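So the mapping is simple: our numbering equals the position in the sequence shown, first residue as 1, plus 108.
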Amino acid sequence: DFACLKAHLFFKDKVQLFMSTSEHSLHDYLLTTAQWKLAEHLVPILELFNDLMNIFSQAKVPLIYEVVPMLESLEHALDHVYNATEEPAVI
Numbered sequence: 109d110f111a112c113l114k115a116h117l118f119f120k121d122k123v124q125l126f127m128s129t130s131e132h133s134l135h136d137y138l139l140t141t142a143q144w145k146l147a148e149h150l151v152p153i154l155e156l157f158n159d160l161m162n163i164f165s166q167a168k169v170p171l172i173y174e175v176v177p178m179l180e181s182l183e184h185a186l187d188h189v190y191n192a193t194e195e196p197a198v199i
């Protein structure tokens, strides 16, 4: 879930502290350094989908002529992420 991942990153220090405490027996579920890094790169990409999902979930849904430019914008943003050489390959 996007909101959960975003909150997990926001509270990263507290999550790590809580999960590493032996009394909670959650050490096996701690994210590795690579998983934290992947999550940090994944959140902005998921944000692209989240924004559209919020628009399409409203009571007044956009009409097709409004949707096409939104989907083209999403495609352009995903192409940019896909072709980015300075970032790790998330998609």
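The beta carbon of each residue, even a glycine, is placed where N, CA and C say it ideally should be.
Nothing here was measured: the structure is a model prediction, and the numbers come from that model.
In the pairwise beta carbon analysis, the region 169-176 is classified as not touching the region 132-152: fewer than three pairs are separated by under 8 Å. With a contact defined as Cβ atoms closer than 8 Å, F126 and H132 qualify at about 6 Å. In this structure, the beta-carbon distance from K120 to V151 does not fall below 7 Å. Taken in chain order, the complete alpha helix (DSSP H) segments of 4 or more residues contained in the region 131-169 are 141-164. Apart from the 5 residues on each side of it in sequence, V123 sits with its Cβ closer than 7 Å to the Cβ of H116 in its chain, given in chain order. Taking the Cα positions, V169 is about 7 Å away from I163.
Contact between L160 and L182 holds, since their C-beta atoms are separated by about 6 Å, short of 8 Å. L156 sits away from F110, with the two beta carbons spaced by 7 Å or more. Where D187 is concerned, the enclosing alpha helix (DSSP H) starts and stops at 172-191.
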